[in-house]
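A short write-up of the structure that comes next.
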Amino acid sequence: MQPIKPIDLPLLQPEKKPAPVDQAGQSFSTMITDLVANVEQQQEKADMAVQQLHAGNAKNLHETMIAMEEADISIRFMVQVRNKALEAYQEIMRMQV
Amino acid sequence: MDIFTTFKVAASALEAQRIRLDTISSNIANVETTSTPEGGPYKKKSVYFESTPVSFDQHLQGSIEKNIKGVKVAKILEDDSPPKKVYNPSHPDADKEGYVAMPNVNVLKEMTDMMSATRSYEANTTTIKSAKRMALKALEIGR
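Going line by line, the protein sequences match chains H and V. The opening residue of the first sequence carries number 1 in our numbering; numbering runs sequentially from there. The opening residue of the second sequence carries number 1001 in our numbering; numbering runs sequentially from there.
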């Protein structure tokens, strides 16, 4: 004879907490620093491409143009992020204490 | 997948079409060439395309991105169809009967190929413009 087993209701079990995400290395300032570094890298890539084109080493004209477009979009994105950050900062500064 | 994937795909197509145009210009330039280092008249060359994965790190790609392919020139082959014979006994490359073997290049066909290559190039630059417009529209969301 088998003993009566307790009914296992998964919904009644306390939910397991998800493992805390390690956010020590991902503060706001590191995110911004990473972003700026990334954008700077794109700018340097575009600069190099233009220099190579002028020196006659570039294989293709369009690669230079695409590098420049990528740099353009990256810097526009960075400006948008900066606008948002500034907006948030000003919103907090306007707060009544 | 990043927003620059479209750029990579279109760039590969631009390069392929540029190589195609190089080949066409070679064919047109050599339309009267009767002697080559390999011997015989110049032979018409044509490009053959092949699709390639966009990035080299296959393991990092998702299943969607695996289906997005760039293009590259797989090979450039010579056309082995017989040369045109033109009667010109004073030509230094003429054979015993006075016929000169001219290249098997058809200038009209090369011109239409050239138009096709130019239009393909234009289409791919339009893709790039479109991708840029989409990215700039996305940046307008915050405004």
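Don't be surprised by glycine CBs; every beta carbon is placed ideally from N, CA and C.
Reduced DSSP secondary structure (H/G/I, E/B, other) of residue 1099 of chain V = In the second sequence, residue 1099 of chain V corresponds to position 99, counting from 1. Strand.
Contact list for residue 1076 of chain V against chain H, beta-carbon separation under 9 angstroms | For this step, residue 1076 of chain V is matched to residue 76 along the second sequence. Per Cβ cutoff of 9 angstroms: no residues; residue 1076 of chain V is ~17 angstroms from chain H at best.
Is there contact here, the stretch 1066-1073 of chain V with the stretch 81-96 of chain H, by at least three beta-carbon pairs under 8 angstroms?
-> The stretch 1066-1073 of chain V is not in contact with the stretch 81-96 of chain H.
Three-state secondary structure (DSSP) at residue 1050 of chain V?
-> Position 50 of the second sequence, counted from the start, is the residue given in the question as residue 1050 of chain V. Here residue 1050 of chain V sits in strand by DSSP.
What is the residue span of the alpha helix (DSSP H) that residue 36 of chain H lies within?
-> Start at 1 with the first residue of the first sequence, and residue 36 of chain H comes out as number 36. Annotation: the continuous alpha helix (DSSP H) that includes residue 36 of chain H extends over 28-55.
Counterpart residues of residue 1087 of chain V in DSSP-defined beta bridges = For the purposes of this step, residue 1087 of chain V is taken as residue 87 along the second sequence, with counting starting at 1. BP columns for residue 1087 of chain V point to V:1099.
Pick from V:1126, V:1112 and V:1038 that is closest to residue 1020 of chain V, judged by C-alpha positions | Translated into the one-based positions of the second sequence, residue 1020 of chain V becomes position 20. Looking from the CA of residue 1020 of chain V, the closest CA among V:1126, V:1112 and V:1038 belongs to V:1112.
Beta-carbon separation (whole angstroms), residue 60 of chain H vs residue 1018 of chain V, contact threshold 8 angstroms = Taking the first sequence and counting its residues from 1, the one referred to as residue 60 of chain H is at position 60. Taking the second sequence and counting its residues from 1, the one referred to as residue 1018 of chain V is at position 18. That pair is a contact at about 7 angstroms.
Count the other CB atoms within 10 Å of the CB of residue 1124 of chain V; is the residue buried (16 or more) or exposed (fewer)?
-> Along the second sequence, one-based indexing puts residue 1124 of chain V at 124. By the Cβ-count criterion, residue 1124 of chain V is buried, with 16 or more other Cβ atoms from all chains shown falling within 10 Å of its own Cβ.
Look at the alpha carbon of residue 1050 of chain V and the alpha carbon of residue 1078 of chain V, and state the distance between them as a whole number of angstroms.
-> Against the second sequence, residue 1050 of chain V aligns to sequence position 50. Against the second sequence, residue 1078 of chain V aligns to sequence position 78. Rounded to whole angstroms, residue 1050 of chain V to residue 1078 of chain V spans 17 angstroms at the Cα level.
Can you tell me the Cα-Cα spacing of residue 1013 of chain V and residue 50 of chain H, whole angstroms?
-> The count along the second sequence starts at 1 and reaches residue 1013 of chain V at position 13. The count along the first sequence starts at 1 and reaches residue 50 of chain H at position 50. Across the structure, residue 1013 of chain V and residue 50 of chain H are spaced so that their CA atoms are roughly 21 angstroms apart.
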